[in-house]
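Everything on this sheet refers to the single structure shown next.
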């Protein structure tokens, strides 16, 4: 029951579609521009740096807020890191599949950034370095995003096996499965990017966005 409550809390926070709201402030429906995605990358390409930063910050903070709420509600739980991850999963689902926007949201990478920060600052440097180095070398934000989701999963397993989460093995393994599903969802949401990468037609950072037609 606790897990379901945390998912619902996370989903409710995830419904705050920052990209959509920022777009409306600029008299744009972000879902009908660029890639049609409501995330920070499309906001950046369609509306510029300010809108991109605002969207990214909002999507990060809504995940952090969801996890803070769960930690306050379930303070003292023997599986609090796991419940926090369920809140992060809920926030990702709310962001990716908002019911009031016909389930058309973002891809969840900025939300995952909030999840990484909330899991522990020790988790931040490696995914951040991987993302920045990848984007600088390849100029593909999608590749950097996919690698971040994979690195985060590997980090959670590594730190978990080192006892960092301080939970019973059953809870720890459930945590691993949950983060694996989050990484798999990130890859699934980037399936069109992966197709374009394979075909050599993926848009590079700094270049004008190709017409999605």
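Residue numbers (this note's numbering): 2 to 214.
Built from N, CA and C at the ideal position, the CB exists for glycine as well.
Would a C-beta distance cut-off of 8 angstroms place residue i and residue j closer than the cut-off?
i	j	result
residue 59	residue 93	no
residue 186	residue 87	no
residue 83	residue 75	no
residue 113	residue 183	yes
residue 77	residue 11	no
residue 44	residue 15	no
residue 135	residue 125	no
residue 89	residue 119	yes
residue 166	residue 155	no
residue 103	residue 190	no
Hey, residue i and residue j are a contact pair by Cβ (cut 8 angstroms); roughly how many whole angstroms apart?
i	j	result
residue 128	residue 117	6 angstroms
residue 106	residue 65	About 18 angstroms; that fails the 8 angstroms criterion.
residue 54	residue 31	Not a contact, Cβ separation roughly 15 angstroms.
residue 91	residue 148	That pair is no contact at about 24 angstroms.
residue 79	residue 168	7 angstroms
Taking only heavy atoms of the ligand SAH into account, decide whether any of them is closer than 7 angstroms to the Cβ of residue i.
i	result
residue 79	Here there are no bound small molecules, and the ligand SAH is not part of this structure.
By the three-class DSSP mapping on this structure, what secondary structure does residue i have?
i	result
residue 202	coil
residue 82	helix
residue 165	coil
residue 99	coil
residue 173	helix
residue 39	coil
residue 141	coil
residue 53	helix
residue 33	helix
residue 76	coil
residue 125	coil
Using only CA atoms, which one of the options lies nearest to residue i?
i	options	result
residue 131	123, 150, 67	150
residue 206	165, 17, 41, 4	41
residue 71	199, 156, 6	6
residue 173	81, 196, 67	81
residue 68	121, 52, 138, 181	121
residue 110	51, 38, 73	38
residue 97	13, 199, 201	13
residue 56	34, 33, 21	21
residue 52	26, 35, 36	26
residue 194	49, 146, 50	146
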